[in-house]
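The opening position of the sequence shown corresponds to residue 68 in this note's numbering, with each subsequent residue numbered one higher. Cβ coordinates follow ideal geometry from the N, Cα and C atoms, glycine included. Below is one structure, written out as C-alpha cells, with a few remarks after it.
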Amino acid sequence: MDNKVYALPLDSGPMALFYNKEVFDAAGVDRAPATWEEYYQAARKIRAIGKYITSDAGDPGFFDSMVWQAGGQPFSTHRKKVAINLTDDAGTQRWTAYWQRMIDEDLIDTRTVKWSNDWDRGLSDGTIASVLAGGWLPHSLLSDVPQGAGRFRVAQTPTWEPGGTQNSENGGSTLAIMRTTSDEKAAAAYRFMDYATHDSEGIRGRVLDGGLSGRQRHPGQCRVPGPDDPDHTGRRGQRVLRRPEVQPGIVAGRKECAAQP
C-alpha cells in the first residue's frame, strides 16, 4: 500500500513431541519425557529394542529451533550487516553438546532424511519412534503414515530443567508477492495468490486437502504436482489443480523441470 510494506504474513509452527506409544511402552518408557535428560534415557531404552527414538540427517530448521529453545542467539544484525557466531553462543553449545552425545552413542538415526519415503516407513513400522516438529505434523502423519493411526500421542517439547521453558518453533513460511518492472506475468501471479489466499475454495484446498503444491517427497528433485498426484488427498485439492488459471503455471513448471539436468 502506497509503495510501503506494513506487514508480512507468517506461518508459525509451535513445536511438540509426537511419539509412538506402542514403541515407548515396549521399551519400558511409561510416559513422555518431560526433560532432555529423560529424553536421553528414553532414547537408550528404545535403542535397546532395536529402534531409534528419532532421526536427524542434518535438518537445519530443527537445529535452529532447538538452539532457540536452549536460549541461543547465534545470529545478530547491525544495520545491513548480519553476524553468525555458533562457537561462542552458550545456547548453541548447550544443544550441540547434547545432540552430539546422542549421535555418538548411536541413539539417533542419522541416515534417514525427513519427509522421504524411508522416513514415512520408519514412522510406520516404529523404527523411528518420535518426531519433534511443529504443531502442523498431525496432518502429515494422517496422510503419509496411515499405518501409524492410533499409535501416536502428543506431548510438550522436553525442557532443560523440570518446568522450564518449552518454547520452540519449527516450520514457517512467509507469503510474499514480488514483482519487478520486467515481470511479464506479475498480474497472473497476483491473481493466483489472491485466489489461493482469499477464495474459499482455494483456502480449503490448501488447508484441508494438504496444499496446492503437495509434498516434495524427494528433496532436491524437481517435481510439479498434477491433479491425480498421489500426494494430493481429497477432491478439493484436485479441483484446485484443474482450474484453468492454475494449469498454465503447472505446465510451465513441468517444462522447467524437464529442462533441468
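Worksheet entry | Buried/exposed call for Lys148, threshold 16 Cβ in 10 Å | Along the sequence shown, one-based indexing puts residue 148 at 81. Burial call: exposed.
Discussion item. Just verifying my parser: in three-state terms, what is the DSSP assignment at Arg111?
Written reply: Your numbering for residue 111 matches position 44 in the sequence shown. Three-state DSSP puts Arg111 in a helix.
Practice prompt. Output the distance between the C-alpha atoms of Phe130 and Lys71, rounded to the nearest integer angstrom.
Written response: Residue mapping note: residue 130 aligns to position 63 of the sequence shown, counting from 1. Residue mapping note: residue 71 aligns to position 4 of the sequence shown, counting from 1. Looking at the backbone, the Cα of Phe130 and that of Lys71 are separated by about 34 Å.
Item to complete: Within its chain, find whatever has a CB closer than 7 Å to the CB of Val90; leave out the 5 residues flanking it on each side and keep chain order.
Response: Taking the sequence shown and counting its residues from 1, one reaches residue 90 at position 23. Excluding positions up to five away in sequence, the list reads Ile113, Lys118, Gly193, Ala196.
Discussion item. Assess contact between the region 201-209 and the region 167-177, defined as three or more Cβ pairs (one per stretch) separated by less than 8 Å. Is contact present?
Written reply: Segment contact: the region 201-209 against the region 167-177, fewer than three CB-CB distances shorter than 8 Å; contact not assigned.
Fill in: Classification of Ala177 by the beta-carbon crowding that lies within 10 angstroms, buried from 16 upward
By 1-based counting over the sequence shown, the position of residue 177 is 110. Correcting the residue type first, residue 177 is Thr in the shown sequence and not Ala. Exposed, by the Cβ-count rule.
Worksheet item: Expressed to the nearest angstrom, what Euclidean distance is found between the alpha-carbon atoms of Met82 and Arg111?
Response: Within the sequence shown, the letter at position 15 stands for residue 82. Within the sequence shown, the letter at position 44 stands for residue 111. Rounded to whole angstroms, the gap between the alpha carbons of Met82 and Arg111 is 23 Å.
Worksheet item: If you run the structure through DSSP and keep just helix, strand and coil, what is Asp155?
Response: In the sequence shown, residue 155 corresponds to position 88, counting from 1. Under the three-state reduction of DSSP output, Asp155 falls in the coil class, being neither helix nor strand.
Worksheet entry | Cβ separation of Thr226 and Thr102, assumed to be a contact under 8 Å, to the nearest whole Å | As a first step, residue 226 is located in the sequence shown; it is residue number 159 there, counting from the start. As a first step, residue 102 is located in the sequence shown; it is residue number 35 there, counting from the start. Rounded, the Cβ-Cβ distance is 6 Å, consistent with contact.
Worksheet item: Can you round the beta-carbon distance between Gly139 and Asp156 to whole angstroms, since I take them to be within the 8 Å contact cut?
Response: Here the question's residue 139 lines up with position 72 in the sequence shown. Here the question's residue 156 lines up with position 89 in the sequence shown. Confirmed, Cβ separation roughly 5 Å.
Practice prompt. Return the bridge partner residues of Leu208 from the DSSP annotation.
Written response: As a working note, residue 208 is residue 141 in the sequence shown. The partner list for Leu208 (beta bridge, DSSP) is empty, contrary to what the question assumes.
Worksheet item: Taking C-alpha atoms, which residue in Pro229, His145, Leu208 lies nearest to Ala216?
Response: As a first step, residue 216 is located in the sequence shown; it is residue number 149 there, counting from the start. Taking the Cα of Ala216 as reference, the smallest distance to any Cα among Pro229, His145, Leu208 is reached at Leu208.
Discussion item. When you compare the CB positions of Ile120 and Leu174, do they come within less than 8 Å of one another, or not?
Written reply: Translated into positions along the sequence shown, residue 120 becomes position 53. Translated into positions along the sequence shown, residue 174 becomes position 107. Against a cut-off of 8 Å, the Cβ pair of Leu174 and Ile120 comes out as a contact.
Item to complete: Specify, as a first and last residue, the run of the alpha helix (DSSP H) that Val134 falls within.
Response: Looking up residue 134 in the sequence shown gives position 67. In the DSSP assignment, Val134 falls within the alpha helix (DSSP H) that extends over 127-136.
Worksheet item: In chain order, what residues of the same chain lie with their CB nearer than 6 Å to the CB of Phe85, ignoring the 5 residues before and after it?
Response: As a working note, residue 85 is residue 18 in the sequence shown. The answer, listed in chain order, is Val198, Leu204, Phe219, Val221.
Practice prompt. Given a cut-off of 8 Å, decide if Ser122 and Thr179 are closer than it, judged by their beta-carbon atoms.
Written response: Residue numbering aside, residue 179 sits at position 112 when the sequence shown is read from its first letter. Residue numbering aside, residue 122 sits at position 55 when the sequence shown is read from its first letter. Yes, the pair counts as a contact, with Cβ atoms nearer than the cut-off.
Practice prompt. Per DSSP, which residues does Gly201 bridge with? Please list them.
Written response: As a working note, residue 201 is residue 134 in the sequence shown. The partner list for Gly201 (beta bridge, DSSP) reads Met82.
Discussion item. For the alpha helix (DSSP H) containing Ala93, name the first residue and the last one.
Written reply: In the sequence shown, residue 93 corresponds to position 26, counting from 1. Here the alpha helix (DSSP H) through Ala93 covers 88-93.
Worksheet entry | Arg98 (DSSP reduced to helix, strand or coil) | Indexing the sequence shown from 1 puts residue 98 at position 31. DSSP places Arg98 in coil when its eight states are reduced to three.
Worksheet item: According to the Cβ coordinates, are Ala150 and Ile116 closer than 8 Å?
Response: Against the sequence shown, residue 150 aligns to sequence position 83. Against the sequence shown, residue 116 aligns to sequence position 49. In this structure, Ile116 does not lie closer than 8 Å to Ala150 by Cβ.
Fill in: Candidates Gly128, Gly158, Arg161, of which the one nearest Lys181 by Cα
Translated into positions along the sequence shown, residue 181 becomes position 114. Closest by alpha carbon: Gly128.
Worksheet item: Over what stretch of residues does the beta strand (DSSP E) that includes Arg220 continue unbroken?
Response: Taking the sequence shown and counting its residues from 1, the one referred to as residue 220 is at position 153. Taken as a continuous stretch (DSSP letters only), the beta strand (DSSP E) holding Arg220 covers 219-222.
Worksheet entry | Burial state of Ala137, where buried means 16 or more other Cβ atoms lie within 10 Å | Taking the first residue of the sequence shown as position 1, residue 137 is located at position 70. Classification for Ala137: buried.
Worksheet item: Tyr73: buried (16+ other C-beta within 10 angstroms of its C-beta) or exposed?
Response: Within the sequence shown, the letter at position 6 stands for residue 73. Sixteen is the threshold: since fewer than 16 other Cβ atoms of the shown chains lie within 10 Å of the Cβ of Tyr73, the residue is exposed.
Discussion item. So, at 7 Å on beta carbons, what are the nonlocal neighbours of Pro22 in its own chain, with the 5 sequence-adjacent residues on each side left out?
Written reply: A question about residue 22 goes unanswered here, because the residues of the chain that appear run from 68 up to 328.
Worksheet entry | Coil, strand or helix - Glu228 by DSSP | Here residue 228 refers to the residue found at position 161 when the sequence shown is read from its first residue. Correct three-state label for Glu228: coil.
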